[in-house]
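For the sequence shown, counting from 1, position 471 maps to 471 in the UniProt record's numbering; every step adds exactly one.
The beta carbon of each residue, even a glycine, is placed where N, CA and C say it ideally should be.
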Amino acid sequence: MATTGSLPKDFLWGYATASYQIEGAATQDGRGPSIWDTFSHIPGKTADGGTGDVACDAYNRTKEDVALLKSYGARAYRFSISWSRVIPLGGRNDPVNPLGIKHYQNMVDELLANGIQPFVTLFHWDLPQALHDRYLGLLNKEEFQLDFENYARVCFANLPKVKHWITLNEPWCSSVLGYNTGLFAPGRCSDRTKSAEGDSTREHLIAAHSLLLGHARAVRCYRSEFKAKDGGMIGVTLNGDWTEPWDPEDPLDVEACERKLEFAISWFGDPVYFGKYPDSMRKQLGERLPEFTPEESQLVKGTNDFYGMNHYTANYIKHLDTPPADDDHLGNLECHFYNKAGDCIGPETQSVWLRPHPEGFRKLLIWLNNRYNGPIFFVTENGTSVKDEHLKVGDDRFDDPLRCEYFRTYIAAMARARNESGVDVRGYLAWSLMDNFEWAEGYVTRFGVTYTDYENGQKRTPKRSAFVVKETFEELIAKE
Ligand code: PNW
């Protein structure tokens, strides 16, 4: 049981967002376009034709949103920087936009003035479009890592008060969804009905390699030029779902569970902690998986001051007996919501990939803790959508019992992992502060503890879950 007062008094909790999902102001104050501006404007790429042009208009509501966070009792806020707001063309020889810098400085100052710790993500998928046009972005490892390092340095130099830096958000999503399935920007894949260009058998593996090198260079830069003076921490945020065997009696399903975790998480986690890709991936992917040169391996190894963990759901895993497809990114297996006995992993939500299963959160924290030898953890995202929430009317829009239950049970599961298994988790950022642009789902799917009224000037109204999260942490955190 998660008991009263069982989290330390300095436990950092709060909410998370990302630039393209909330800022809007797509062309304001000199911002350049990102690959998400381009992609979301292509008809058919988002559920409702939604784009981030206006989103929650958060760019123009810094004070209002920080006041909202404060009213929720938040001690921390995770936001991301729009690269193309800071360097509109993105590259290391391109001009820096002082108005973009100013915006994020104001945000940090406003948060600190209200006692809220900023957690800042450098890259939450919104690559400057100019870098994609110039050299195919993530597919050009030499150029990308240098441009990312330069952008990171500009951010570190201008935001010295930030003590928690996250280099990349979910590089799995940037790689697989952007270059293998093509569901996310830039939408490349082998299916020519979806994309004129792309190779789903290789490009996601190349993109991932470039991202790891960019991450590593940004960390090296922070540690050598800023850490001593500014005293912050830096790490990468990885997503990962828990896995349970479809047939617990079948050793091949049990093995496939581990393989799924390695393909999804250790693809990035193992290079960051050990300087190499997992053996299971090398075995299946062969020469399609890039090799780290000895220099690259050294550069990437040991680059997390903390493990940033995004976690939402779990699946039952069934192994496949057939040889893997060349474009397989899962590890030659199937993901299911029901197991062999007919048990369901969790209730439906609005997101086809997400079903609540809080025990999986506890188990995955323990799995990660063992694999990576007890790192410091910050949970940088956790939350849920609610089925048909977009259809609700009147005050019912602000009542979200499934989300309330989700947060109660997931936060309790995290506290148990900490208290019973010694997982050093020091903070928790719920996804999300407010309903926002949910990528390919557009505005249909809502993840906020705050209702955003897109019809009425993006007005924000708290949902019940905002109070539940506050009460849950007030109870769990020790008073002294
Ligand atoms: C995360 N999947 O994305 C992101 O970091 C957020 O920006 C996003 O809004 C949030 O989760 C909710 O979706 C994911 O398909 C998107 O498995 C898709 C998947 C996982 C995470």
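Counting along the chain, the unbroken alpha helix (DSSP H) around GLY214 starts and ends at 203-225.
Note: LEU7 is bridge-paired with ILE477 in the DSSP secondary-structure output.
Counting the other CB atoms within 10 Å of its CB gives SER19 a total of 16 or more, which places it among the buried residues. Beta-bridge annotation (DSSP): VAL120 is paired with PHE79, TRP165. The nearest non-hydrogen atom of ligand 1 is less than 7 Å from the C-beta of GLU381.
Nearest Cα to PRO248 within the set LYS227, SER84, HIS319: HIS319. The alpha-carbon of ASP400 is positioned some 6 Å away from that of SER465.
For ligand 1, a non-hydrogen atom lies closer than 7 Å to the CB of SER351. In the structure shown, the three-state DSSP call for CYS344 is strand.
Rounded to the nearest whole angstrom, the CA to CA distance from TYR410 to ARG418 is 13 Å.
Comparing C-alpha distances from SER385 to each of LEU402, PHE377, ASP396 shows the shortest one belongs to LEU402. The straight-line gap separating the alpha-carbon atoms of VAL120 and ARG78 is approximately 6 Å.
Here the distance from the Cβ of CYS173 to the nearest heavy atom of ligand 1 is below 7 Å. Taking C-beta atoms as the reference points, GLY214 and GLN298 fail to come closer than 8 Å. For the options LYS463, GLU23, PRO347, the alpha carbon positioned closest to that of PHE398 is the one of LYS463. Contact between the stretch 187-200 and the stretch 105-125 is absent, with fewer than three C-beta pairs closer than 8 Å.
Secondary structure at ASP29: helix, using DSSP grouped into helix, strand and coil.
Taking the Cβ of GLN145 as the reference point, every heavy atom of ligand 1 lies at 7 Å or farther away.
For TRP36, the Cβ stays outside the 7 Å cut-off from all heavy atoms of ligand 1.
In the DSSP assignment, ASN239 forms a beta bridge with ASN310.
Taking 7 Å as the cut-off, the C-beta of ASN419 does not count as close to any heavy atom of ligand 1.
Within the DSSP bridge table, the entry for VAL379 names MET309, TYR428 as partners. For ASN169, the CB falls within less than 7 Å of some heavy atom of ligand 1. Between ligand 1 and ASN315, a heavy atom-to-CB distance of less than 7 Å is absent.
When DSSP states are grouped into helix, strand and coil, ILE234 belongs to the strand group. Not one heavy atom of ligand 1 falls within 7 Å of the beta-carbon of PHE79. LYS463 has no beta-bridge partner at all, per DSSP. Look at ASN60 here: in three-state DSSP terms it is helix. Rounded to whole angstroms, the Cβ separation of GLY331 and PHE263 is 4 Å, and the two are in contact under 8 Å.
Separation of ASP230 and ALA130 (C-alpha to C-alpha, rounded to the nearest whole angstrom) is 31 Å.
In this structure, DSSP gives ALA74 a state outside helix and strand, which the three-state scheme calls coil.
Per DSSP, the unbroken alpha helix (DSSP H) holding TYR406 starts and ends at 401-421. The closest heavy atom of ligand 1 lies less than 7 Å from the beta carbon of ASN310. In this structure, DSSP gives THR38 a helical state, which the three-state scheme calls helix. When the alpha-carbon of ALA58 is set against those of ASP133, LYS340, GLN117, ASP435, the nearest one is in ASP435. Spatial neighbours of GLN117 in its own chain (CB-CB distance under 8 Å, excluding positions within 5 residues in sequence) are listed in chain order as LEU12, GLY14, ARG75, ALA76, TYR77, LEU111, LYS163, HIS164.
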